[in-house]
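Take a look at the structure set out below.
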Amino acid sequence: MKQPFPFSAIVGQDEMKRAILITAVDPSVGGVLILGDRGTGKSTAVRALAALLPPIRATRGCPYHCDPARPSMSCAACREAGWSRNSPGEAHACDVDLIPVPVVDMPLGATEDRVVGALDLEKALSLGQKSFEPGLLARANRGFLYIDEVNLLEDHLVDLLIDVAASGENVVEREGLSVRHPARFVLVGSGNPEEGELRPQLLDRFGLSVDVRTPTDIPTRVEVIKRRDAYERQPEAFCTQWRPEDLKIRKRIESARKRVNELTVSDEVLELAATLCLHLGTDGLRGELTLLRAARAWAALEERLAVTVDDLRAVAPSALRHRLRRNPLDDTGAGVRIERALAEALPTGPAAPASSPSLAA
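Take the sequence shown: its letters are residues 0 to 360, numbered as in numbering that gives the first Met the number 0.
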């Protein structure tokens, strides 16, 4: 099987890469919506994520790869199986596997049975047993669920994803089956906005939204062509060449995960985040919460000890772009409106808390 294109070899598209890394550090930020032109590396970046992420500990034999350290968030079988434990919440070493973080593709034409799971017909017909065959949501638990052309997804699947994303649990009641299992995943969607708009209910479930555009400068376009051509001709050699850079990013993610919850966030930074959202007229408080979590994850990746105004500036377009109300008197794009609000709401100059000590200092 051909190895995915290395994440570190992707040219440009800094906002998209930043958003993906942020969700890798802190999944509570929410999913990532990547909209833009065809052929700009959207699918490439998501598929490169699988090789980038550190492996996770999972209960051996569990189809939902439950976390043995978090029994309260496990499936019923893992809670009731009575695994031998050294201490509460810690499974014995023989019951645990290290597995790659799931990155599951959901085809646009997938049926509901394929997504949520259904009766295992082979066992039903051959053995007369009612057995549940897990679907894509089960495979994506504790990982990433990727939907290409998400704006073309059928309405009944959109409704299903909204329910599961909100509850973190997949409930199947059909054909005499009654099954509940954990389904906590980071939703990643990509698409071309010219082919259709996303329903507001699903749009709100994405923590970050990124616009990607075809590069317009010759050197960048040439470098993209050179790297892609080298990958197509000799994929193994190309991936080997970029593996050290991918490993550096993996270590950066691992380090940021350990420190992200220890970062301090001053009241001043919180007030600035709220001020920015008020300037933009975002609905509810989800914008501030996402802005805070994304800024904290980015600060951890940048090895800072506290969240700064610069971190807010870096993540604000991705966190707020899809939360703006349409203004019939202002036809400027969301990016321009956010930049304008940043200039008005966030201070600059010596008085701004724009920098903080870092681990590298």
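Cβ atoms here follow ideal geometry from the backbone N, Cα and C, with glycine treated the same way.
Since residue i and residue j are thought to touch, with beta carbons under 8 Å apart, how far apart are those beta carbons, to the nearest angstrom?
| i | j | result |
| --- | --- | --- |
| Arg56 | Val95 | 5 Å |
| Phe6 | Ile248 | 6 Å |
| Leu246 | Ala272 | Not confirmed; about 34 Å, so no contact. |
| Val211 | Asp36 | 7 Å |
| Leu201 | Ile252 | Incorrect: roughly 27 Å between the Cβ atoms, too far for contact. |
| Lys365 | Pro234 | Because the chain is modelled from 0 through 360, residue 365 falls outside the range shown and cannot be assessed. |
Taking the Cβ atom as the reference point for each residue, do residue i and residue j lie within a distance shorter than 8 Å?
| i | j | result |
| --- | --- | --- |
| Ala298 | Leu262 | yes |
| Arg59 | Pro70 | no |
| Ala296 | Asp25 | yes |
| Phe184 | Gly116 | no |
| Asn140 | Tyr63 | yes |
| Leu144 | Glu111 | no |
| Pro54 | Ile21 | no |
| Ser73 | Pro181 | yes |
| Thr281 | Gly206 | no |
| Arg113 | Ala164 | no |
With distance defined between alpha-carbon atoms, name the residue in the options nearest to residue i.
| i | options | result |
| --- | --- | --- |
| Ser317 | Gly11, Lys1, Val31 | Val31 |
| Thr215 | Gln2, Lys1, Val10 | Val10 |
| Ala109 | Lys250, Ala49, Asp154 | Asp154 |
| Ser177 | Thr213, Gly190, Pro133 | Pro133 |
| Thr367 | Arg113, Lys1, Thr39 | Residue 367 cannot be examined here, being either before or after the span of the chain that is shown, 0 to 360. |
| Gly188 | Leu107, Gly283, Arg258 | Leu107 |
| Ala23 | Glu194, Leu186, Ser265, Asp203 | Leu186 |
| Glu267 | Cys61, Leu291, Val100, Lys257 | Leu291 |
| Glu196 | Leu152, Lys250, Ile146, Ala315 | Leu152 |
| Pro199 | Val157, Leu118, Ala315 | Val157 |
| Asp104 | Arg46, Lys250, Asp66 | Arg46 |
Suppose you measure from the CA of residue i to the CA of residue j; what does that come to, to the nearest Å?
| i | j | result |
| --- | --- | --- |
| Glu287 | Ala75 | 35 Å |
| Ala360 | Val306 | Because the pLDDT at Ala360 is just 46, under 50, the model does not fix this residue reliably, and the point stays unresolved. |
| Leu68 | Arg179 | Here residue 68 turns out to be Ala, not Leu, going by the sequence shown. Rounded to whole angstroms, Ala68 to Arg179 spans 20 Å at the Cα level. |
| Ala344 | Arg285 | 18 Å |
| Ala333 | Asn260 | 30 Å |
| Leu48 | Val102 | 8 Å |
| Leu279 | Glu148 | 28 Å |
| Ile217 | Asp228 | 16 Å |
| Phe237 | Pro243 | 12 Å |
| Asn169 | His321 | 26 Å |
| Ile19 | Leu323 | 21 Å |
| Cys276 | Ala255 | 26 Å |
| Leu52 | Leu135 | 20 Å |
| Glu222 | Leu319 | 31 Å |
| Gly283 | Gly29 | 16 Å |
| Met213 | Ala315 | The identity of residue 213 in the sequence shown is Thr, whereas the question assumes Met. If I take the Cα positions, the gap works out to 22 Å. |
| Val308 | Ala50 | 32 Å |
| Asp66 | Ile224 | 41 Å |
| Arg17 | Leu118 | 40 Å |
Within its chain, find whatever has a CB closer than 6 Å to the CB of residue i; leave out the 5 residues flanking it on each side and keep chain order.
| i | result |
| --- | --- |
| Arg173 | none |
| Ala313 | Trp297 |
| Gly167 | Arg183 |
| Val171 | Val115, Gly116, Val178 |
| Cys61 | Cys77 |
Which same chain residues, not among the five before or five after residue i, have their C-beta less than 7 Å away from its C-beta?
| i | result |
| --- | --- |
| Met15 | Ile33, Ala44, Val209, Val211 |
| Thr274 | Ala344 |
| Trp241 | Pro5, Ser7, Ala8 |
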